[in-house]
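Note sheet for the following structure.
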DNA sequence: GGTCGGCAAGACAGCGCTGTCAATTGCTCT
DNA sequence: AGAGCAATTGACAGCGCTGTCTTGCCGACC
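Chains as they are written, first to last, in UniProt numbering: chain A, 1 to 337; chain B, 1 to 337.
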């Protein structure tokens with residue numbers, strides 16, 4: 001209860017508080033023997049420096065902000081997990097904030113926020129990472145940020161991303177490998193860069209395999225269950241059906257699955273299905289969904305590490321690319337199998 | 001950039017910094033005219049007090065901790081949303097921490113955490129809210145907490161909860177109202193208090209309606225998709241089937257749905273199905289799941305409000321009960337309809 | 001042997017705010 | 001009009017730590 005302060009440690013170790021401070025902050029000019037003595041005292045007293053005092057006196061706050069404005073619980077949750085784990089390792093703390101505002105209101109809120117609590121850096125998740133006014137506000141306050149999967153102004157800040165294009169390419173190859181030649185694709189919102197990348201990956205893979213991409217086989221969805229449902233009705237409600245459908249995200253894939261069930265189209269017997277994201281829903285349906293797992297948590301982890309200055313290789317390129325994973329479950333199988 | 005301090009405001013308003021402080025903290029003994037002048041200066045300069053300095057000098061830190069150790073993204077996400085909204089309204093900030101530890105390690109981590117950043121209160125979500133060692137550690141540090149849906153030691157702290165028993169009762173009544181008399185129930189883990197409450201509510205409703213609760217109609221699940229699947233196979237794989245199944249949570253209900261699909265049992269034509277939680281998955285299947293919506297976000301909001309001292313009625317009982325909602329979707333319908 | 005250079009460690013002054021206590025003001029009451 | 005009292009306001013000392021500057025010390029070098 002009676003909080004231990006740096007003075008207690010200094011007294012115990014027989015040094016000045018400044019020396020304790022130096023040890024704690026890994027500053028140079030401390031003899032190894034002295035350092036050991038201090039560390040022993042710290043351990044003995046179980047001392048933890050007070051974050052508020054540090055923030056007030058010094059230039060660091062040991063706080064990392066995580067800003068989001070994304071209704072997807074699964075995504076946010078993974079991001080948080082990753083960011084938190086990196087913060088913990090670096091002795092930092094995670095402050096989360098939802099920023100539903102846009103435009104001037106956003107700028108204001110961010111300014112207010114940052115003047116109240118100084119942050120050593122913030123992590124921006126989609127779609128915030130592409131909000132120019134936010135980037136401006138952050139830059140104006142001099143707060144560094146790392147963006148996750150940004151799509152514009154890539155030069156403005158370090159960022160972490162996954163190669164949607166290549167992932168979609170490989171998923172398409174997976175379906176082709178199962179014998180599918182007539183594969184339909186349901187794409188996401190037109191203004192969504194990642195959606196476009198996925199579609200490009202799909203089309204490239206088809207071309208590379210010498211397969212045609214029939215226009216009626218590419219449907220425009222909206223990344224929602226319902227839009228997947230609607231596209232599926234168009235794709236499946238005739239005798240001329242594709243043997244496989246690759247949906248641009250899992251929600252839409254689940255919409256396809258619902259329609260297939262209603263029409264008694266067997267998955268994966270008659271129709272193979274693949275999604276993208278490995279959302280929580282992908283495993284609570286039957287058959288479980290073949291999908292692309294994004295390294296979401298890992299991206300956040302890297303982002304946080306970049307901010308806390310404990311990155312594995314700090315001098316890597318500004319854009320850090322992480323690997324996806326093709327998760328093959330029961331919804332895709334050999335054609336006609 | 002050149003941060004504005006309380007001195008700037010004081011100078012602008014022509015008062016001492018202490019008076020500004022008083023206004024900001026809503027302390028008494030400030031003449032309305034003075035208060036207005038100060039507030040005008042605050043507005044003009046767009047001043048926000050520095051949280052670190054406040055925390056260091058005063059007894060409050062304006063930080064609320066949200067501790068969790070729950071793999072359910074949907075739940076956490078809602079909790080966070082609710083807690084954040086209440087914090088924002090009260091001028092507080094939300095610090096999230098995952099505490100995977102148990103026993104002594106938990107105690108230690110919490111102590112370390114709290115000695116580094118003082119928190120004005122913490123919100124404990126299930127299952128952490130029932131970890132005695134955590135409650136002890138918090139009490140030892142003198143940090144108040146509010147628990148969400150705790151099941152033990154109800155007197156130890158204020159808490160917020162929902163009446164699982166009554167919710168299950170009403171869902172059962174809903175199914176009965178559709179004409180179902182042979183209803184099966186899939187319960188959750190035996191040591192899970194909420195699961196037991198739900199089961200009790202179901203059984204009570206059956207008794208009150210004069211309907212038998214046949215032992216083979218109550219199956220032991222584990223709150224997972226797979227366990228729902230297994231229970232459903234036992235319940236549905238014979239001619240003597242219930243006309244409705246009420247699963248103790250949505251994941252299990254989805255397992256039931258998967259089996260029904262496989263067996264070509266029409267939902268809701270032949271079998272009505274109800275879940276509990278209104279998890280994200282409940283809406284990305286077809287038919288969409290009839291379920292019980294827990295006021296998760298609202299519970300967190302109330303919890304945070306309790307902590308930040310801005311509760312609607314602070315002197316209400318220690319346990320604040322919030323209302324659930326029966327969400328009727330397509331998976332339940334009139335028997336034989 | 002004296003002086004310089006550099007490492008190690010300490011003294012000291014705040015960071016921006018709140019708590020305490022003292023000083024001032026503005027009223028009421030007689 | 002003056003005393004008496006509460007309502008206002010301000011002066012000042014830290015909260016626990018880090019940044020800057022200073023001091024002490026040892027070996028190297030000429």
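Cβ coordinates follow ideal geometry from the N, Cα and C atoms, glycine included.
Range of the contiguous alpha helix (DSSP H) that encloses residue i
i	result
residue 87 of chain A	73-90
residue 171 of chain A	164-177
residue 101 of chain B	Run containing residue 101 of chain B: none; DSSP gives neither H nor E here.
residue 202 of chain B	193-208
residue 132 of chain A	132-141
residue 331 of chain B	Run containing residue 331 of chain B: none; DSSP gives neither H nor E here.
residue 321 of chain B	Run containing residue 321 of chain B: none in the alpha helix (DSSP H); it sits in the beta strand (DSSP E), 319-322.
residue 384 of chain A	Nothing can be reported for residue 384 of chain A, as the shown portion of chain A is limited to 1 through 337.
residue 33 of chain B	32-45
residue 24 of chain B	17-24
residue 11 of chain A	6-13
Presumed contact (8 Å Cβ cut-off) between residue i and residue j, rounded CB distance
i	j	result
residue 133 of chain B	residue 106 of chain B	5 Å
residue 157 of chain A	residue 146 of chain A	6 Å
residue 21 of chain B	residue 4 of chain B	With a Cβ gap of about 15 Å, residue 21 of chain B and residue 4 of chain B do not count as contacting.
residue 66 of chain A	residue 99 of chain A	No, residue 66 of chain A and residue 99 of chain A are not in contact; Cβ-Cβ is about 11 Å, not under 8 Å.
residue 178 of chain B	residue 297 of chain B	In fact, because the Cβ distance is near 29 Å, the residues do not count as touching under 8 Å.
residue 189 of chain A	residue 168 of chain A	Residue 189 of chain A to residue 168 of chain A, Cβ: 16 Å. No contact.
residue 71 of chain B	residue 73 of chain A	In fact, because the Cβ distance is near 12 Å, the residues do not count as touching under 8 Å.
residue 289 of chain B	residue 329 of chain B	6 Å
residue 151 of chain A	residue 130 of chain A	6 Å
Proximity test, Cβ basis, 8 Å: residue i and chain B
i	result
residue 329 of chain A	no
residue 323 of chain A	no
residue 251 of chain A	yes
residue 336 of chain A	no
residue 258 of chain A	yes
residue 25 of chain A	no
residue 193 of chain A	no
residue 112 of chain A	yes
residue 77 of chain A	yes
Inter-residue spacing [alpha-carbon to alpha-carbon] between residue i and residue j
i	j	result
residue 164 of chain B	residue 279 of chain B	15 Å
residue 148 of chain B	residue 76 of chain B	12 Å
residue 209 of chain A	residue 291 of chain A	21 Å
residue 239 of chain A	residue 286 of chain B	23 Å
residue 319 of chain A	residue 162 of chain A	10 Å
residue 224 of chain B	residue 267 of chain A	22 Å
residue 321 of chain A	residue 137 of chain A	26 Å
residue 236 of chain A	residue 218 of chain B	39 Å
residue 44 of chain B	residue 68 of chain B	40 Å
residue 276 of chain B	residue 18 of chain B	53 Å
residue 205 of chain A	residue 187 of chain A	15 Å
residue 10 of chain A	residue 59 of chain A	22 Å
residue 173 of chain A	residue 300 of chain A	28 Å
residue 114 of chain A	residue 79 of chain A	21 Å
Boundaries (first-last residue) of the beta strand (DSSP E) holding residue i
i	result
residue 65 of chain A	63-68
residue 325 of chain B	325-327
residue 147 of chain A	145-148
residue 218 of chain A	218-220
C-beta neighbour in chain A for residue i, strict 8 Å
i	result
residue 101 of chain B	no
residue 285 of chain B	yes
residue 136 of chain B	no
residue 295 of chain B	no
residue 128 of chain B	no
residue 98 of chain B	yes
residue 56 of chain B	yes
residue 211 of chain B	no
residue 50 of chain B	yes
residue 313 of chain B	Unreliable positioning characterises residue 313 of chain B in this predicted model, as indicated by a pLDDT of 48, which lies under 50. A coordinate reading is not provided.
residue 261 of chain B	yes
Please confirm if the segment 230-242 of chain A is in contact with the segment 255-269 of chain A, defined as three or more CB-CB distances below 8 Å between the two stretches. yes
When you compare the segment 89-100 of chain A with the segment 297-310 of chain A, are there three or more beta-carbon pairs, one atom per stretch, that lie closer than 8 Å? yes
Is there contact between the segment 28-41 of chain A and the segment 24-35 of chain B, where contact requires at least three CB pairs shorter than 8 Å? Contact between the segment 28-41 of chain A and the segment 24-35 of chain B is absent, because fewer than three Cβ pairs lie under 8 Å.
Between the segment 243-250 of chain A and the segment 262-275 of chain A, are three or more C-beta pairs nearer than 8 Å? Yes, since at least three Cβ pairs between the segment 243-250 of chain A and the segment 262-275 of chain A fall closer than 8 Å, the two stretches touch.
Counting Cβ pairs, one atom from each stretch, are 3 or more of them under 8 Å apart for the segment 102-116 of chain A and the segment 43-50 of chain A? no
Three or more C-beta pairs below 8 Å linking the segment 79-91 of chain A and the segment 16-29 of chain B: no
Is the segment 109-125 of chain B touching the segment 281-289 of chain B, taking contact as three or more C-beta pairs under 8 Å? no
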